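Residue numbers for the sequence shown follow my numbering, beginning at -19 and rising by one. Contents: one structure, followed by commentary.
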Amino acid sequence: MTPSRHAPARHPAAPTRRAVTAGLLSATALPTAGLAAFAPELEARVAQAARAFMERTGAPGLAIGLAGPAGRRLFFFGMADPARAAPVGDGTLFELGSLSKLVTVALAALAVEEGRLRWEDAPGRHVPEISGPGTDRLTLLHLATHCTGGMPLQFPAEVRGWADAAAWYRAWVPPAPPGTLRAYANPSIGLLGVVAARALGGDFAALARDRVLRPLGLEASWHAVPAARQGAYAQGHTRDGRPIRLAPGPLDLEAYGLRATAPDLLRLVEAQMGLLPPPAPLGAALAALPLGRYRSGALTQGAIWEWYPPPATAEAIAAGNADGMVLRPNAAAALSPPLPPPDGAFVNKTGATNGFGGYAAYAAGRGLGLVILANRNHPTAERLALALELRAIIGA
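Here it is as structure tokens:
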């Protein structure tokens, strides 16, 4: 959801509006059985919504995925890299930003299912070097739901590696009692990823690949893009059009470092909806993620997934994804017992880096989902506007 530390890449000038428009004219769609039934004019309506989004944001490239019980459709627009005239396609890799957190919490939930962790554990139980007066008051569920009592959005600038991060965790004290305040934070999910990897006895990126990504059939998702796939890695752009790519940062892989294709991200949503039954116990781990643990403002907070009860109005979704929910702490109230999203609830997660923006959502109980990936940073409100148009098109 939140931009992270980046470094500009060497690259020719940013794409012009003319280049974006030219890319739109070469839009492609990958049909698969089923979704034509959602609306006779599905392809034309999606293309119209995509064109308006790209014109508003200046995004050089865009990928859209729609899924339902009867099938899936993928649509690709514009350029993955305008300088190379490389079009967006089913193999294009996008930076997922905070959508990466879905994989991190799935790995943690898998460790819970296997008895390696408990949601009520303090993180220092598994990572002793971060134990301190503040972190010892936290549970893993606080980390997974951002309800830490006020952990900051980003590490301070002086935190440059794990030793610095561990010292920071030891010294940190929550401004409010954990569980009473939701504060969106990369350090919270970053620490959850470290805990999960320690409990499972391996390297985080390798565990995420072998225990979550590949078992779900996500074969084109990478925390470190292999040399052979670098040509498929889309060029990102800042809001003012400068080329940029994700740069290393503390706990970047755990919090925001995944790159993936639109088909892979859509498959993750399909697995979350139960359209693609995952192997046990990964299926049970995924089922635990959207359980509502806290209510904060308009949103119900699960383990990273956030949802809005039916009728899930545009106003409620906008309020839950507003900058005020990301950049400032908000009061939270615990839900006991945890509340599964009711049929028709709108479940979503947004993600961004300084050069990319993405979105994933589904309608609980209806098997209808969507994903959006663009290679230019833009306001979250623009993604929501596109998502709500797509939601109306598929009836989610």
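Where is the CB? At the ideal position from N, CA and C, for every residue including glycine. Values in this document were obtained by computation on a predicted structure and should not be read as measured data.
Secondary structure of residue i, DSSP reduced to three states
i, result
"isoleucine 110", "helix"
"valine 327", "strand"
"proline 103", "helix"
"valine 26", "helix"
"alanine 298", "helix"
"arginine 189", "helix"
"valine 351", "strand"
"alanine 147", "helix"
"glycine 38", "coil"
"leucine 76", "coil"
"leucine 196", "coil"
"proline 142", "A small fix is needed here, since residue 142 is tryptophan in this sequence, not proline. Of the three classes helix, strand and coil, the one that applies to tryptophan 142 here is helix, per DSSP."
"arginine 31", "helix"
"leucine 262", "helix"
"arginine 275", "strand"
"arginine 98", "coil"
"arginine 219", "coil"
"proline -5", "Unreliable positioning characterises proline -5 in this predicted model, as indicated by a pLDDT of 40, which lies under 50. The coordinate reading is nonetheless provided below. DSSP places proline -5 in coil when its eight states are reduced to three."
"arginine 239", "strand"
"arginine 162", "strand"
Residue span of the alpha helix (DSSP H) that contains residue i, given as start and end
i, result
"isoleucine 169", "166 to 180"
"threonine 84", "81 to 93"
"glycine 58", "Segment 51 to 61 is the beta strand (DSSP E) holding glycine 58; no alpha helix (DSSP H) there."
"leucine 269", "First-last for leucine 269: undefined, no H or E at that position."
"glutamine 252", "242 to 253"
"leucine 315", "Counting along the chain, leucine 315 falls outside any alpha helix (DSSP H), though it belongs to the beta strand (DSSP E) covering 313 to 319."
"alanine 235", "232 to 236"
"methionine 305", "303 to 307"
Cβ-based burial, residue i [other Cβ within 10 Å; buried from 16]
i, result
"glutamine 28", "exposed"
"aspartate 183", "exposed"
"glutamate 234", "buried"
"glutamine 210", "exposed"
"arginine 140", "exposed"
"glutamate 75", "buried"
"valine 153", "exposed"
"glycine 114", "buried"
"threonine 119", "buried"
"proline 398", "Missing from the structure shown is residue 398; the chain here goes from -19 to 376 and no further."
"threonine 330", "buried"
"glutamate 100", "exposed"
"arginine 36", "exposed"
"serine 316", "exposed"
"tryptophan 142", "exposed"
"alanine 361", "exposed"
"proline 103", "buried"
"proline 321", "buried"
"proline 259", "exposed"
"leucine 279", "buried"
"threonine 293", "exposed"
"alanine 312", "buried"
Span of the beta strand (DSSP E) around residue i
i, result
"glutamate 286", "286 to 288"
"glutamine 210", "That residue, glutamine 210, is in no beta strand (DSSP E); it is neither H nor E in DSSP."
"leucine 370", "Per DSSP, leucine 370 belongs to no beta strand (DSSP E); it is in the alpha helix (DSSP H), 360 to 374."
"threonine 280", "279 to 281"
"glycine 45", "41 to 48"
"alanine 341", "337 to 343"
"leucine 121", "No beta strand (DSSP E) contains leucine 121, which is instead part of the alpha helix (DSSP H) from 120 to 125."
"leucine 226", "223 to 226"
Nearest neighbour of residue i, chosen from the options [CA to CA]
i, options, result
"tyrosine 342", "Ala332, Phe336, Leu353 and Asp323", "Asp323"
"alanine 298", "Arg25, Ala312, Ala50 and Phe326", "Phe326"
"leucine 368", "Arg356, Asn357 and Leu350", "Leu350"
"leucine 46", "Leu266, Pro103, Tyr339 and Ala361", "Tyr339"
"arginine 247", "Ser276, Gly69, Gly197 and Ala63", "Gly197"
"alanine 50", "Glu109, Leu171 and Leu348", "Leu348"
"glutamate 138", "Gly229, Trp99 and Ala372", "Gly229"
"tryptophan 148", "Thr160, Leu161, Ala212 and Leu171", "Leu171"
"phenylalanine 336", "Asn310, Ala207 and Asn355", "Asn355"
"arginine 239", "Thr333, Gln252, Ala267 and Arg222", "Thr333"
"alanine 165", "Asn310, Leu87 and His106", "Asn310"
"alanine 376", "Ala39, Ala86 and Gly48", "Gly48"
"leucine 262", "Val85, Thr72 and Gly38", "Val85"
Sub-7 Å separation of residue i and residue j beta-carbons
i, j, result
"proline 167", "phenylalanine 135", "yes"
"glycine 77", "glycine 58", "no"
"glycine 112", "alanine 156", "no"
"leucine 97", "alanine 179", "yes"
"alanine 242", "alanine 43", "yes"
"tyrosine 274", "alanine 314", "yes"
"glutamate 94", "alanine 146", "no"
"alanine 60", "alanine 214", "yes"
"asparagine 352", "arginine 25", "Rather than asparagine, the amino acid found at residue 352 in this sequence is isoleucine. Going by C-beta atoms, isoleucine 352 is not nearer than 7 Å to arginine 25."
"leucine 319", "glycine 272", "yes"
"alanine 88", "alanine 176", "yes"
"leucine 82", "alanine 265", "no"
Heavy atom of the ligand MG within 6 Å of residue i beta-carbon
i, result
"tryptophan 152", "Among the components modelled here there is no ligand, and therefore nothing to report on the ligand MG."
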